[in-house]
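Read in order, the letters of the sequence shown are residues 1017 to 1134 in my numbering.
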Amino acid sequence: MTKQRALILRIIRESQRHLTADQIYQEAIKEMPGIALATVYNNLIRLAEAGEIKKITFCGQTDRYDKSNIPHIHLICDRCGKVSDHPSEGIKEEMEGRLGFAIEEYELAIHYRCPECC
Ligand SMILES: [Zn+2]
Ligand SMILES: [Zn+2]
């Protein structure tokens, strides 16, 4: 793994948020001032392909990157845009039972108003 890729992976893993490529770039240049935005993008694609991270797309928003490859529910506050993770054990099995076929992959996003915005 290149130094750049290791740095990007560390930024994503250490973040409690779901960062956009631009936010990852802003963090990366603090530690590696010469790093190019294109390098960040290329590494994000490679890391997602390798299954190290997961690219997530919420309707109408910029792509974000998630450190967790384990399926989970995203709770999205429509007021402030905050995204938090929630475990989703049992949901796949439940839905497979209802649908009658095996689910390859799923993305579940719940829109709500977070406690700070209530
Ligand atoms: Zn909120
Ligand atoms: Zn997540």
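Glycine is no exception: its CB is placed at the ideal position from the N, C-alpha and C atoms.
Boundaries for Lys1083: no alpha helix (DSSP H) harbours it, and the DSSP string shows neither H nor E there. According to DSSP, Asp1094 shares a beta bridge with no other residue.
In the structure shown, the three-state DSSP call for Tyr1122 is coil.
Secondary structure note for Ile1027: its alpha helix (DSSP H) is the uninterrupted segment 1019–1030.
Annotation for His1034 indicates a beta carbon within 7 Å of some heavy atom of ligand 2. Spatial neighbours of Phe1074 in its own chain (CB-CB distance under 7 Å, excluding positions within 5 residues in sequence) are listed in chain order as Ile1092, Ala1125. Closest in alpha carbon position to Lys1070, among Asn1059, Gly1076, Asp1082, is Asp1082.
Here DSSP, grouped into helix, strand and coil, assigns Pro1103 to strand.
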